[in-house]
């Protein structure tokens, strides 16, 4: 099991703190280094310009073909104490001579190292970094070495200050960003804590919801989506509980009847053998009823985890074939109303037959045998439709929304005289969903019910 400290280190607030702290340090470091480079460049350029100025002032201090070092130092606008000069004269008609500023020979005798990237910058052992420049004017060649030690010193101070600023900013930004991150993460933390309480609650009502903050928008949207998902899961759990309860009740009824007839045969079968055939018929009827119920339950369970292959089908052919095959088993007369032009829908043909047969069976159960059942195919602007209308008892308005629920029957139908498992319309609803269609229930005139199936015109991938 991972330690809690590791989880805290991976929290949203911790990640925000680390990310923004490193970002802040990176910005400060880049800014400081950029400033240091710019300042160093400007100072170096200034010293290079000083070297040119010194060479020009030295040119003006020549007296009798020789530099006057004292006059040069007095008249130079720049401090010359850390500058060394070598002058090489090539005057016409005169011998070549070399002149050195004070201490220049000693300076030039020191070991010199040239920087590979900046060949004009030299390092002299015991003296430091110097900028070497040359100027030739009137057959006189000037070599100057201008000290860059002040630039290096300033650069070193800037780097030291930069390190201090980085340390200070790292500590300050860490605590400030940590505080802000916790504040920003507080709505999400409250959401997580509420989810934990719901998850570990002992008594669950399946109506729990998470508190949704108004801001930030992302957390608000997340909380809303989680609540929608939670509501959907809660409804599914409640439906499952109700389904198990209803299934147990529906199975208990035939089991009780079977047990009663078995007990009756055991007690009175020898004395009254005439009751045995009647009891066996009842047991056979209830066992078939149980078998139908179990098969319907298994069918619903399989349909919860399946997809149907759809194809383009002509509705007139499917309706005509299904009605002709099943009319002998239905006491009511079935009237079929079909358009003259072929009506094509994107459906699974076998499941469409099952839907139509289930609707015909439902209409037959709840309608008098002397009334007709009407099957109509139409081609509406919204797509092809298939309707089944009866003249039976009808469905009350407040119960229309529930008739596709499992084991649901309208009050007038809660009688053992009407056969069925209470799962027929639930199976129809699932098959309709798998066909990407819709089904509605309306009242027939003068009485009865109309089931209207709105079918798709195109396959899902078209």
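Residue numbers (the UniProt record's numbering): 1 to 462.
For each residue, glycine too, the CB sits at the ideal point set by N, CA and C.
Per DSSP, the unbroken beta strand (DSSP E) holding residue 98 starts and ends at 97-100.
Take the alpha-carbon of residue 357 and the one of residue 397: they are about 24 Å apart.
Bounds of the alpha helix (DSSP H) holding residue 424 are 424-434. With distances taken between CA atoms, residue 342 lies nearest to 385 out of 364, 385, 16 and 324. DSSP, reduced to helix, strand and coil, places residue 383 within a strand of the structure shown. Within the region 241-296, no complete beta strand (DSSP E) segment of 3 residues or longer occurs. Note on residue 142: 16 or more other CB atoms within 10 angstroms of its CB, so buried under the neighbour-count rule.
Within the same chain, Cβ atoms closer than 8 Å to the Cβ of residue 314 are found at 342, 343 and 344, the five residues on either side in sequence being excluded. Look at the region 300-362 and you find these whole runs of beta strand (DSSP E), each 3 residues long or longer: 311-314, 334-337 and 344-347.
Within 10 angstroms of the beta-carbon of residue 22 lie fewer than 16 other beta-carbons, which makes it exposed. Under the DSSP definition of a beta bridge, residue 443 partners with 449. Residue 135: member of the beta strand (DSSP E) spanning 128-137, first to last residue. Shown here for residue 173: same chain residues with a beta carbon closer than 8 Å to its own, the five before and five after excluded, namely 20, 21, 24 and 25 in chain order. Per DSSP, reduced to three states, the secondary structure at residue 41 is helical. The shortest CA-to-CA distance from residue 329 to any of 365, 129 and 36 is the one to 365.
Per DSSP, residue 366 lies in no alpha helix (DSSP H) segment and is marked neither H nor E.
The residue among 332, 289 and 268 with its C-alpha nearest the C-alpha of residue 422 is 289. Linking residue 399 to residue 258 through their CA atoms gives a straight-line distance of about 32 Å. Taken through DSSP and simplified to helix, strand or coil, residue 409 comes out as coil. By the Cβ neighbour-count rule, residue 198 is exposed, with fewer than 16 other Cβ atoms within 10 Å of its own. In the three-state reduction of the DSSP assignment, residue 197 falls in the helix class, which pools H, G and I. If you check the CB distance, residue 337 and residue 320 do not come in under 9 Å. Three or more Cβ pairs closer than 8 Å define a contact, and the region 41-51 meets that threshold against the region 128-148. The continuous beta strand (DSSP E) containing residue 86 extends over residues 83-89.
Within its own chain, the residues whose Cβ lies closer than 6 Å to the Cβ of residue 40, once the five positions on either side in sequence are excluded, are 155, listed in chain order. With a beta-carbon spacing of about 11 Å, residue 426 and residue 409 fall beyond the 8 Å limit used to define contacts. The secondary-structure analysis by DSSP pairs residue 389 across a beta bridge with 374 and 450. Residue 351 is not a Cβ neighbour of residue 297, given a cutoff of 9 Å. Relative to the Cα of residue 389, the nearest Cα in the group 43, 361, 228 and 116 belongs to 361. Secondary-structure assignment with DSSP links residue 124 through a beta bridge to 112 and 128. When C-alpha distances from residue 280 are compared across 267, 261 and 255, the shortest belongs to 261. For residue 312, same chain residues with a beta-carbon under 8 Å away, outside a window of 5 residues either side, are 344, 345, 346 and 459 in chain order. Boundaries of the beta strand (DSSP E) harbouring residue 146: 140-147, taken from the DSSP string. The alpha-carbon separation between residue 171 and residue 28 amounts to approximately 13 Å. Bridge partners of residue 53 according to DSSP: none are assigned. Minimum Cα-Cα distance from residue 332 among the listed residues 33, 368, 447 and 91 corresponds to 368.
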